[in-house]
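Read the structure below first, then the notes.
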Amino acid sequence: MLKLNTKSFTLFAALSGFLTVILGAFAAHGLKGSLSSYELDIWKTAVLYQFVHTIVILQVSQMKTSTLLIRAQLWFSVGILLFSGSLYLLAVTGLTKLGMFTPLGGICFLLGWIYLIVQVVKNK
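Following the working numbering, the numbering of the sequence shown begins with 1 at its first residue and continues without gaps.
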């Protein structure tokens with residue numbers, strides 16, 4: 001069973017950051033000629049949201065551990081997988097049905113931010 005703790009989220013963020021660099025470079029160099037500008041914009045949005053939330057996960061992992069912060073990191077991680085993952089797939093496959101996962105990922109990001117806000121307010 002996977003134990004969700006600061007170390008597991010730090011590892012997830014490190015892997016996500018590594019992949020963000022690869023996926024950003026891949027779009028700039030490998031996909032430039034094969035995707036439309038609209039599809040490249042979709043890809044860039046996925047990279048941006050993945051990168052931002054990867055940094056947030058890393059920052060939260062440096063805070064004193066709490067259940068609220070673990071939940072925030074979990075929702076940010078799931079958000080990356082659903083939001084960015086669906087956009088990457090949408091950009092390269094054109095399957096618009098994948099777009100239904102994107103708002104779910106956005107909701108996961110919002111839940112992560114809510115848990116982080118609650119933690120900060122609780123520790124005033």
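C-beta: ideal position from N, C-alpha, C; glycine also.
Fair warning: this is a prediction, and the values are worked out from it, not measured in the lab.
Could you check how far apart the C-beta atoms of F9 and S84 are, in whole angstroms? I think they sit under 8 Å.
By 1-based counting over the sequence shown, the position of residue 9 is 9. By 1-based counting over the sequence shown, the position of residue 84 is 84. Not confirmed; about 16 Å, so no contact.
Can you check which of these residues, L89, K97 and V118, is closest to L23 by C-alpha distance?
The residue you call residue 23 lines up with position 23 of the sequence shown. Minimum Cα distance to L23 is reached at L89.
Flag this pair as touching only if the stretch 58-76 and the stretch 102-114 have three or more C-beta atom pairs under 8 Å; answer yes or no.
Enough Cβ pairs lie closer than 8 Å, so yes.
Would you decide whether S37 is buried or exposed? Buried here means 16 or more other CB atoms lie within 10 Å of its CB.
If you number the sequence shown from 1, residue 37 lands on position 37. With fewer than 16 other Cβ atoms within 10 Å, it is exposed.
Using alpha carbons as the reference points, say which of K97, V78 and L95 lies closest to T54.
Numbered from 1 along the sequence shown, position 54 holds the residue referred to as residue 54. For the residues K97, V78 and L95, the minimum Cα distance to T54 belongs to V78.
L4 versus I70 - alpha carbon distance
On the sequence shown, position 4 is the one that residue 4 refers to. On the sequence shown, position 70 is the one that residue 70 refers to. For L4 and I70, the distance between alpha carbons rounds to 7 Å.
Could you give the first and the last residue of the continuous alpha helix (DSSP H) run that contains I117?
One-based indexing of the sequence shown puts residue 117 at position 117. DSSP places I117 inside the alpha helix (DSSP H), whose first and last residues are F101 to K122.
Am I right that F51 and T102 are in contact with their C-beta atoms under 8 Å? What's the rounded C-beta distance?
Here residue 51 refers to the residue found at position 51 of the sequence shown. Here residue 102 refers to the residue found at position 102 of the sequence shown. The Cβ separation is near 17 Å, so there is no contact.
Which runs of the alpha helix (DSSP H) spanning at least 4 residues fall entirely within the stretch 19-72, listed in chain order?
Along the stretch 19-72, the alpha helix (DSSP H) occurs as fully enclosed runs of 4 or more residues at 37-61, listed in sequence order.
Locate the alpha helix (DSSP H) running through T93, then write down its first and last residues.
By 1-based counting over the sequence shown, the position of residue 93 is 93. It spans G85 to T93 - the alpha helix (DSSP H) in which T93 sits, taken as one unbroken run.
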